[in-house]
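Trainee: The following block contains the structure, expressed as structure tokens.
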Amino acid sequence: MEPFLSITEIAAPLEIADIDTDMLFPAAFLKTVKRNGLSKALFYNMRVEQPDFVLNKSPWDRAGILIALHNFGCGSSREHAPWALMDFGIKCIIAPSFAEIFQGNCFKTGILPIELDEGEVKLLLSEAKDPATAMMKVDLEDQMITRAKGQRLPFSVDPQRRQRLLHGTDDIELSLAHVEDMTRHEQRSAEAQPWLKPIPAELP
Amino acid sequence: MSSPRTLYQKIWDSHVVAALSDEERLIQVDRHLVYEVTSPQAFEGLRAAGRKVRRPDLTLAVADHNVPTEGRAGGIASIKDPDSRLQVMTLERNAAETGVRYVPLTNPRQGIVHVVGPELGLTLPGSVIVCGDSHTSTHGAFGALAFGIGTSEVEHVLATQTLIQKPSRNMLVRVNGKLGPGVTAKDVILYIIGVIGTGGGTGHVIEYAGDVIERLDMAARMTICNMTVEAGARTGLIGPDETTFAFLADKPLAPQGAEFEAAKAYWSSLRSDEGARYDRTVEIDGSAIEPMVTWGTTPEAVTTIGGSAPDPAQEPDPLRRKQVARMLDYMGLRAGMPLAGIPVDVVFIGSCTNSRIEDLRAAASIARGRKVADHVRALVVPGSGSVKAQGEAEGLDRIFLEAGFEWRDSGCSMCLGLNPDRLEPGQRCASTSNRNFEGRQGVGGRTHLVSPTMAAAAAINGCLSDVRELA
Ligand code: SF4
Chain A
0 MEPFLSITEI
10 AAPLEIADID
20 TDMLFPAAFL
30 KTVKRNGLSK
40 ALFYNMRVEQ
50 PDFVLNKSPW
60 DRAGILIALH
70 NFGCGSSREH
80 APWALMDFGI
90 KCIIAPSFAE
100 IFQGNCFKTG
110 ILPIELDEGE
120 VKLLLSEAKD
130 PATAMMKVDL
140 EDQMITRAKG
150 QRLPFSVDPQ
160 RRQRLLHGTD
170 DIELSLAHVE
180 DMTRHEQRSA
190 EAQPWLKPIP
200 AELP
Chain B
0 MSSPRTLYQK
10 IWDSHVVAAL
20 SDEERLIQVD
30 RHLVYEVTSP
40 QAFEGLRAAG
50 RKVRRPDLTL
60 AVADHNVPTE
70 GRAGGIASIK
80 DPDSRLQVMT
90 LERNAAETGV
100 RYVPLTNPRQ
110 GIVHVVGPEL
120 GLTLPGSVIV
130 CGDSHTSTHG
140 AFGALAFGIG
150 TSEVEHVLAT
160 QTLIQKPSRN
170 MLVRVNGKLG
180 PGVTAKDVIL
190 YIIGVIGTGG
200 GTGHVIEYAG
210 DVIERLDMAA
220 RMTICNMTVE
230 AGARTGLIGP
240 DETTFAFLAD
250 KPLAPQGAEF
260 EAAKAYWSSL
270 RSDEGARYDR
280 TVEIDGSAIE
290 PMVTWGTTPE
300 AVTTIGGSAP
310 DPAQEPDPLR
320 RKQVARMLDY
330 MGLRAGMPLA
340 GIPVDVVFIG
350 SCTNSRIEDL
360 RAAASIARGR
370 KVADHVRALV
380 VPGSGSVKAQ
390 GEAEGLDRIF
400 LEAGFEWRDS
410 GCSMCLGLNP
420 DRLEPGQRCA
430 STSNRNFEGR
440 QGVGGRTHLV
450 SPTMAAAAAI
460 NGCLSDVREL
470 A
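From first to last, the protein sequence lines stand for chains A and B.
So the first sequence is residues 0 to 203, counted in numbering that gives the first Met the number 0.
So the second sequence is residues 0 to 470, counted in numbering that gives the first Met the number 0.
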């Protein structure tokens with residue numbers, strides 16, 4: 000995963016609540032065994048059916064930030080959604096709230112999901128609508144958004160997730176440092192709950 | 000004496016492998032379910048990093064999303080779409096290469112992973128079960144901590160048999176009293192989502208309790224836990240009881256004999272303690288619940304079958320007004336329109352929410368001796384090969400076929416339309432699945448979520464209708 004330090008990008012306003020993973024990445028595109036090059040699928044139905052959909056229009060077709068309303072990313076656990084966002088160039092999403100699995104998937108993909116008050120989100124939404132003020136800077140080290148005219152807006156993210164994003168940490172490597180704990184726990188649980196057996200190679 | 004704990008906290012405590020920070024823990028995973036859509040990139044990542052699957056013997060792979068619902072006996076060759084076939088073949092190859100357990104397409108039990116797991120007896124109380132699919136919550140019906148994960152986490156579990164987790168908050172939803180006639184578990188969970196909203200459960204694990212829940216069979220409990228994610232919650236949980244133990248007693252991979260008794264003693268301890276603290280408690284009056292139907296494109300856009308589509312003009316919040324108008328527009332409904340009587344083109348009875356034998360029996364009880372309306376295509380898709388065989392042994396297939404329903408092979412089918420079963424643009428469907436998002440069942444398709452009996456009633460009448468008037 001690429002480290003996330005600071006970005007200065009155009010923000011695209013998407014004034015919709017409950018943006019679900021079927022909008023973000025329609026199921027028809029799920030038949031892939033790849034994780035790269037998926038931006039074609041991003042918001043596919045909306046981009047095709049609505050010529051004036053914000054990501055179809057300049058300058059937002061080059062957006063690196065997405066601003067939307069509450070419960071962003073609800074629905075399925077498909078990580079294809081953040082993969083497609085990343086491939087499109089979106090590195091940060093700002094919303095009043097996120098669906099949990101999606102939010103976790105963003106951090107794993109290297110996308111920063113920022114939760115702000117609804118009022119703050121609406122303010123940023125209105126600025127993003129105007130090409131003159133749509134450019135924003137998001138700095139994860141300072142946890143600060145700098146708006147087009149220089150006003151600053153602080154945000155906060157989970158400290159551990161922030162650290163891992165800043166360093167582009169490989170979670171698996173981090174966990175494998177505890178391999179002895181894993182073995183010990185597996186033995187302990189085999190004793191405490193012997194009925195949690197391995198699954199036989201030949202299924203009944 | 001330790002302080003009183005919730006069921007969730009008990010399972011959590013017994014699965015902590017190591018502390019990573021103040022809050023983050025490495026959590027042991029007892030069962031890992033994988034399927035063809037969200038796992039290829041995880042296996043690929045593992046391979047690229049030169050890592051091995053730590054516990055292939057705790058991992059079960061089943062292809063369900065892409066599989067066709069006819070001609071299954073033909074195995075892989077029955078999959079016409081090349082992309083779908085490649086995904087299923089990739090799963091098969093990954094399982095063969097890593098030793099991960101695999102249920103082949105031609106296995107008589109084959110079906111939706113969340114239906115097959117419990118049928119095998121893999122889903123046991125007190126265990127931690129994960130899968131790269133949000134409806135893993137289904138298994139919470141057994142008092143297992145079961146939740147959906149993304150593909151990076153699938154890779155993490157493959158490599159370590161653990162996950163990095165922070166504890167969730169605890170919510171208790173108590174459903175009191177008694178359900179009225181014609182009201183099912185599906186109506187209960189749709190009602191609950193209507194009360195707490197699609198974001199209402201965020202950050203929480205929801206434990207269900209109360210008279211209504213206690214009286215539900217396992218299939219019904221699975222329906223409730225299945226859709227708990229539609230309320231934004233991490234997962235749902237129901238404390239194991241005699242109903243749970245009776246279900247497990249004859250399952251092939253559940254413990255047997257003396258071991259079953261030992262397990263039962265342990266499982267019986269998996270109840271929330273008296274005085275355990277919940278961050279939020281919601282009381283629901285079960286007798287107030289009626290047969291429900293969704294009118295919009297999120298599961299919280301739900302009302303009773305006697306209700307009507309809302310009027311956006313009545314919404315005080317301008318953004319909400321826009322959202323309601325947008326949903327009505329997509330669904331092709333007018334403000335104030337009564338839902339009963341709206342014609343449907345398709346009826347889908349299936350999905351991990353409602354495709355168990357109990358669901359099919361309920362639907363068949365409405366279909367028996369009646370005919371599907373001429374203009375309606377009605378599909379019955381059993382959740383697994385075992386459900387299909389059981390249905391045929393009971394003669395449910397004949398009831399459905401005589402009434403004009405299609406009786407198909409198992410799989411996810413029209414729940415999300417990855418296989419050939421999908422809605423055409425503009426088609427309206429009464430569906431027993433769990434998501435009514437735009438395009439979920441096919442681009443431009445319109446979904447009304449209902450219970451199996453309500454779906455059967457819609458097929459017979461050709462329109463959304465109150466099952467209580469047919470029964
Ligand atoms: S039936 Fe539907 S919700 Fe369930 S696993 Fe399959 S696609 Fe997902």
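Beta carbons: idealized from backbone N, C-alpha and C, even for Gly.
The structure displayed is predicted, hence computed values, not measured ones.
Scan the stretch 64–151 of chain A and note each continuous beta strand (DSSP E) run of 3 residues or more that stays entirely inside, going in chain order.
Mentor: Listed in chain order, the complete beta strand (DSSP E) runs (minimum 3 residues) inside the stretch 64–151 of chain A are 64–67, 91–94, 111–114, 134–138, 143–145.
Trainee: Report all residues from its chain with a CB closer than 8 Å to the CB of G120 (chain B); omit the five preceding and five following residues, and keep chain order.
Mentor: As a working note, residue 120 (chain B) is residue 121 in the second sequence. Here the set comprises L247, K250, P251, L252, A253.
Trainee: Per DSSP, what kind of secondary structure is D19 (chain A) in: helix, strand or coil?
Mentor: What you label residue 19 (chain A) is simply residue 20 of the first sequence in a count that begins at 1. D19 (chain A): strand per DSSP, three-state reduction.
Trainee: Flag E1 (chain A) as yes if its beta-carbon sits less than 8 Å from any beta-carbon of chain B, otherwise no.
Mentor: Locating residue 1 (chain A) in the first sequence gives position 2, counting from the first residue. No, E1 (chain A) lies away from the interface with chain B (no Cβ there is under 8 Å from its Cβ).
Trainee: Which two residues bound the contiguous alpha helix (DSSP H) that contains Y101 (chain B)?
Mentor: By 1-based counting over the second sequence, the position of residue 101 (chain B) is 102. First-last for Y101 (chain B): 100–102, but that is the beta strand (DSSP E), not the alpha helix (DSSP H).
Trainee: According to DSSP, is C130 (chain B) part of a helix, a strand, or is it coil?
Mentor: Position 131 of the second sequence holds residue 130 (chain B). Reduced to three states, the DSSP call for C130 (chain B) is strand.
Trainee: Please identify, using Cβ separations under 7 Å, the residues of the stretch 22–47 of chain B that lie next to chain D, in order along the chain.
Mentor: Structure shown: chain D not included; protein chains present are A and B.
Trainee: Between which residues of its own chain and G88 (chain A) is the CB-CB distance below 6 Å, once the five residues before and five after are set aside?
Mentor: Counting from 1 along the first sequence, the entry for residue 88 (chain A) is found at position 89. Result list for G88 (chain A): G63, in chain order.
Trainee: With a threshold of 7 Å, establish whether the CB of H374 (chain B) neighbours any heavy atom of the ligand SF4.
Mentor: In the second sequence, the residue the question calls residue 374 (chain B) occupies position 375. No, Cβ of H374 (chain B) sits at least 7 Å from all heavy atoms of the ligand SF4.
Trainee: What runs of the beta strand (DSSP E), each 3 residues or longer, lie entirely inside the stretch 56–89 of chain B?
Mentor: Fully enclosed beta strand (DSSP E) runs of 3 or longer: 58–61.
Trainee: Taking the C-alpha atoms as reference points, what is the distance between R276 (chain B) and R4 (chain B)?
Mentor: For the purposes of this step, residue 276 (chain B) is identified with residue 277 of the second sequence, where counting begins at 1. For the purposes of this step, residue 4 (chain B) is identified with residue 5 of the second sequence, where counting begins at 1. Distance between the alpha carbons of R276 (chain B) and R4 (chain B) is about 7 Å.
Trainee: Take every Cβ of the stretch 64–75 of chain B, pair it with every Cβ of the stretch 164–184 of chain B, and state whether three or more of those distances are shorter than 8 Å.
Mentor: Short answer: they don't touch.
Trainee: Is the distance from the Cβ of D210 (chain B) to the Cβ of N175 (chain B) below 8 Å?
Mentor: Taking the first residue of the second sequence as 1, we reach residue 210 (chain B) at position 211. Taking the first residue of the second sequence as 1, we reach residue 175 (chain B) at position 176. In contact: D210 (chain B) and N175 (chain B) (Cβ atoms closer than 8 Å).
Trainee: Could you check whether the Cβ of L41 (chain A) sits closer than 7 Å to any heavy atom belonging to the ligand HEM?
Mentor: This structure simply doesn't include the ligand HEM; it includes the ligand SF4 instead.
Trainee: Is D80 (chain B) close to the ligand SF4? I mean its beta-carbon at under 7 Å from any heavy atom of the ligand.
Mentor: For this step, residue 80 (chain B) is matched to residue 81 along the second sequence. Outside the cutoff, so no.
Trainee: List the residues that DSSP assigns as beta-bridge partners of D284 (chain B).
Mentor: Numbered from 1 along the second sequence, position 285 holds the residue referred to as residue 284 (chain B). In DSSP, D284 (chain B) forms a bridge with B:N175.
Trainee: Compare the C-beta of D82 (chain B) against all C-beta atoms of chain A and say whether one is closer than 8 Å.
Mentor: Counting from one through the second sequence, the residue named residue 82 (chain B) turns up at place 83. Yes, D82 (chain B) counts as interfacial toward chain A.
Trainee: By the three-class DSSP mapping on this structure, what secondary structure does R427 (chain B) have?
Mentor: Position 428 of the second sequence, counted from the first residue, corresponds to residue 427 (chain B). Strand, per DSSP.
Trainee: Terminal residues of the continuous alpha helix (DSSP H) containing L157 (chain B)?
Mentor: Residue numbering aside, residue 157 (chain B) sits at position 158 when the second sequence is read from its first letter. Note, L157 (chain B): alpha helix (DSSP H), 150–159.
Trainee: Is any non-hydrogen atom of the ligand SF4 found closer than 7 Å to the C-beta of H134 (chain B), if you look at the structure I gave you?
Mentor: As a working note, residue 134 (chain B) is residue 135 in the second sequence. For the ligand SF4, at least one heavy atom lies less than 7 Å from the Cβ of H134 (chain B).
Trainee: Can you check which of these residues, B:P419, B:F244, B:A455, B:H31, is closest to T68 (chain B) by C-alpha distance?
Mentor: Walking along the second sequence from the start, residue 68 (chain B) turns up at place 69. Here the closest residue by C-alpha is B:P419.
Trainee: Name the residue from B:A219, B:L171, B:G44 whose alpha carbon lies nearest to the alpha carbon of I283 (chain B).
Mentor: One-based indexing of the second sequence puts residue 283 (chain B) at position 284. When only C-alpha atoms are compared, the closest one is B:L171.
Trainee: Hey, A447 (chain B) and T293 (chain B): beta-carbon distance below 8 Å or not?
Mentor: Residue 447 (chain B) sits at position 448 when you count from the first residue of the second sequence. Residue 293 (chain B) sits at position 294 when you count from the first residue of the second sequence. Correcting the residue identity first, residue 447 (chain B) is His in this sequence and not Ala. The answer is yes: Cβ separation under 8 Å.
Trainee: Report the rounded CA-to-CA distance for S13 (chain B) versus F52 (chain A), giving the unit in angstroms.
Mentor: Start at 1 with the first residue of the second sequence, and residue 13 (chain B) comes out as number 14. Start at 1 with the first residue of the first sequence, and residue 52 (chain A) comes out as number 53. Spanning the two alpha carbons is a distance of roughly 49 Å.
Trainee: Would you mind telling me which residues of chain A sit closer than 7 Å to P251 (chain B), beta carbon to beta carbon, in chain order?
Mentor: Taking the second sequence and counting its residues from 1, the one referred to as residue 251 (chain B) is at position 252. Result: P203.
Trainee: Note down the Cα distance separating K107 (chain A) from P203 (chain A), rounded to an integer number of angstroms.
Mentor: For the purposes of this step, residue 107 (chain A) is taken as the residue at position 108 of the first sequence. For the purposes of this step, residue 203 (chain A) is taken as the residue at position 204 of the first sequence. Each residue's alpha carbon lies about 37 Å from the other.
Trainee: Buried or exposed, going by whether 16 or more other CB atoms sit within 10 Å of the CB of R319 (chain B)?
Mentor: As a working note, residue 319 (chain B) is residue 320 in the second sequence. Exposed, because fewer than 16 other Cβ atoms sit within 10 Å of the Cβ of R319 (chain B).
Trainee: Which residue wins for smallest C-alpha separation from E91 (chain B), given the options B:D82, B:Y101, B:S83?
Mentor: Residue numbering aside, residue 91 (chain B) sits at position 92 when the second sequence is read from its first letter. Checking every option, the nearest Cα to that of E91 (chain B) belongs to B:Y101.
Trainee: Give, in chain order, every residue of the stretch 166–184 of chain A whose Cβ lies closer than 7 Å to some Cβ of chain B.
Mentor: The residues in question are D170, I171, S174, L175, H177, D180, M181, H184.
Trainee: Just to confirm, is the Cβ distance from E154 (chain B) to L45 (chain B) under 8 Å?
Mentor: By 1-based counting over the second sequence, the position of residue 154 (chain B) is 155. By 1-based counting over the second sequence, the position of residue 45 (chain B) is 46. Cβ atoms of E154 (chain B) and L45 (chain B): closer than 8 Å.
Trainee: Quick one: Cα of G274 (chain B) to Cα of E206 (chain B), how far?
Mentor: Start at 1 with the first residue of the second sequence, and residue 274 (chain B) comes out as number 275. Start at 1 with the first residue of the second sequence, and residue 206 (chain B) comes out as number 207. C-alpha separation (whole angstroms): 14 Å.
Trainee: For T280 (chain B), count the other beta carbons within 10 Å of its own beta carbon; 16 or more makes it buried, fewer makes it exposed. Which is it?
Mentor: What you label residue 280 (chain B) is simply residue 281 of the second sequence in a count that begins at 1. Its Cβ having fewer than 16 others within 10 Å, T280 (chain B) is exposed.
Trainee: Give the DSSP-derived three-state secondary structure of R168 (chain B) in the structure shown.
Mentor: On the second sequence, position 169 is the one that residue 168 (chain B) refers to. Strand.
Trainee: Using CA atoms only, rank isn't needed, just tell me which of B:I356, B:L236, B:D465, B:T296 is closest to L269 (chain B).
Mentor: Position 270 of the second sequence, counted from the start, is the residue given in the question as residue 269 (chain B). If we check each option's Cα against that of L269 (chain B), B:L236 comes out closest.
Trainee: From R53 (chain B) to R325 (chain B), what does the alpha carbon distance come to, in whole angstroms?
Mentor: The count along the second sequence starts at 1 and reaches residue 53 (chain B) at position 54. The count along the second sequence starts at 1 and reaches residue 325 (chain B) at position 326. If you take the alpha carbons of R53 (chain B) and R325 (chain B), they lie about 47 Å apart.
Trainee: Pick from A:M45, A:R34, A:P12: whose alpha carbon is nearest that of P25 (chain A)?
Mentor: The residue you call residue 25 (chain A) lines up with position 26 of the first sequence. The shortest Cα separation from P25 (chain A) among A:M45, A:R34, A:P12 belongs to A:M45.
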